[in-house]
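In my numbering, the protein residues as written are 35 to 279. Ideal Cβ placement from N, Cα and C applies to all residues, glycine included.
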Amino acid sequence: MNIRIYIILFCVLVTSLWACNKKDIAPKAAYPAYLDVVNTTADTLNFLVNNSRQNSFSGIYPAGAYGLYTPAGSQTYEIRKERSAVNLFTGTYNLADTSKYIYKSLFIAGESADKTFITIDSIALAAATLAKDTLHVDTIAMLRFVHASYTSGNLHVVVDKGDTINIANAAYKYQSQYFKVYMGTRTIKIYQATDNTQLLDTTLTLQQGLIYTLFSKGFKGGKGDNAFGVGLMTNGGIVTATGTQ
Numbered sequence: 035m036n037i038r039i040y041i042i043l044f045c046v047l048v049t050s051l052w053a054c055n056k057k058d059i060a061p062k063a064a065y066p067a068y069l070d071v072v073n074t075t076a077d078t079l080n081f082l083v084n085n086s087r088q089n090s091f092s093g094i095y096p097a098g099a100y101g102l103y104t105p106a107g108s109q110t111y112e113i114r115k116e117r118s119a120v121n122l123f124t125g126t127y128n129l130a131d132t133s134k135y136i137y138k139s140l141f142i143a144g145e146s147a148d149k150t151f152i153t154i155d156s157i158a159l160a161a162a163t164l165a166k167d168t169l170h171v172d173t174i175a176m177l178r179f180v181h182a183s184y185t186s187g188n189l190h191v192v193v194d195k196g197d198t199i200n201i202a203n204a205a206y207k208y209q210s211q212y213f214k215v216y217m218g219t220r221t222i223k224i225y226q227a228t229d230n231t232q233l234l235d236t237t238l239t240l241q242q243g244l245i246y247t248l249f250s251k252g253f254k255g256g257k258g259d260n261a262f263g264v265g266l267m268t269n270g271g272i273v274t275a276t277g278t279q
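In structure tokens, the structure reads:
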């Protein structure tokens with residue numbers, strides 16, 4: 035009888051210790067997702083998830099971008115104009131957390147969800163490509179193009195004389211690979227692919243070692259912030275934006 039009691043007490047002790055150890059296990063870390071939100075409209079916008087504004091310091095200005103940390107996984111987001119409590123539109127995203135090192139950009143090109151799209155940003159691959167070119171690593175940057183002007187039709191994009199980048203017939207939502215481009219002042223020309231009408235002739239300055247996204251915005255014949263132009267961003271910040279020259 036005493037032996038049975040000892041066995042029962044031993045089992046209770048083991049169970050209690052196991053329960054305590056289970057409570058002491060640290061919860062799995064919850065990582066956020068990183069997202070560049072790019073505004074190619076003429077309005078200042080706010081980006082919200084679960085009714086909570088994610089761009090905490092300021093609105094996202096026209097031709098502007100905001101790099102932020104936002105809840106990972108499948109989420110519903112809301113877009114609002116600055117100082118408005120009414121949703122302009124809502125959409126959904128599915129983002130991997132930062133531990134996966136998968137980076138994306140959300141391009142807002144109009145006032146509805148169908149004019150909004152997400153790109154996968156192969157930043158790690160671009161950085162590796164940059165580092166491998168040991169002969170030119172001190173003189174080059176990486177650059178890709180994203181077509182975010184939904185009214186402009188297909189575009190022909192030329193950097194310098196076309197020997198650096200020459201993209202033909204890029205449709206809306208098109209994203210190119212990252213190209214190696216020499217640092218310094220580069221000439222950017224954009225034409226309508228259908229009739230070769232020139233929409234833009236401008237210059238942009240690139241710094242060594244940076245990874246850039248050049249994106250189109252606005253529309254032909256637009257005025258002010260609605261004018262057709264390009265923006266240049268790196269790591270969630272706008273370097274410059276320009277209208278038709």
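For GLN159 and PHE213, what's the separation of their Cα atoms in angstroms? For the purposes of this step, residue 159 is taken as residue 125 along the sequence shown, with counting starting at 1. For the purposes of this step, residue 213 is taken as residue 179 along the sequence shown, with counting starting at 1. Checking the sequence, you will find Leu at residue 159 rather than Gln. Distance between the alpha carbons of LEU159 and PHE213: 11 Å.
Cβ atoms of ASN121 and SER108: under 8 Å apart, would you say? Along the sequence shown, read from residue 1 onward, the residue named residue 108 stands at position 74. Along the sequence shown, read from residue 1 onward, the residue named residue 121 stands at position 87. Taking a C-beta distance under 8 Å as the contact criterion, SER108 and ASN121 do not qualify as a contact pair.
Member of ASN89, LYS251 and ASN73 whose CA lies at the smallest distance from the CA of ASN188: Along the sequence shown, read from residue 1 onward, the residue named residue 188 stands at position 154. Sorting ASN89, LYS251 and ASN73 by C-alpha distance to the C-alpha of ASN188 places LYS251 at the top.
Taking the beta strand (DSSP E) that LEU79 falls in, what are its first and last residues? Against the sequence shown, residue 79 aligns to sequence position 45. According to the DSSP assignment, LEU79 belongs to the beta strand (DSSP E) that extends over 79 to 83.
Cβ of ALA143 within 8 Å of Cβ of THR75? Within the sequence shown, residue 143 is the residue found at index 109, counting from 1. Within the sequence shown, residue 75 is the residue found at index 41, counting from 1. Contact: yes.
Neighbourhood of ILE154 by C-beta distance below 6 Å, restricted to the same chain and skipping five residues each side: Locating residue 154 in the sequence shown gives position 120, counting from the first residue. Hits under 6 Å: LYS138.
Thinking C-alpha only, which one of THR185, PHE151, LEU69 and ASP194 is nearest THR219? By 1-based counting over the sequence shown, the position of residue 219 is 185. If we check each option's Cα against that of THR219, ASP194 comes out closest.
Using three-state DSSP, classify SER183 as helix, strand or coil. Position 149 of the sequence shown, counted from the first residue, corresponds to residue 183. SER183: coil per DSSP, three-state reduction.
So THR268 and TYR246 are supposed to be a Cβ contact under 8 Å. How far apart are they, rounded? Here residue 268 refers to the residue found at position 234 of the sequence shown. Here residue 246 refers to the residue found at position 212 of the sequence shown. Approximately 5 Å separates the beta-carbon atoms of THR268 and TYR246; this is inside 8 Å, confirming the contact.
Just reading off the beta strand (DSSP E) that LYS254 is part of, what are its end residues? As a first step, residue 254 must be located in the sequence shown, where it is residue number 220. No beta strand (DSSP E) contains LYS254, which DSSP labels as neither H nor E.
Range of the contiguous beta strand (DSSP E) that encloses LYS223: Translated into positions along the sequence shown, residue 223 becomes position 189. Where LYS223 is concerned, the enclosing beta strand (DSSP E) stretches over 218 to 226.
Give me the residue from LYS257, GLY196 and GLN211 with the minimum Cα distance to THR221. By 1-based counting over the sequence shown, the position of residue 221 is 187. Nearest to THR221 by alpha-carbon distance, out of LYS257, GLY196 and GLN211, is GLY196.
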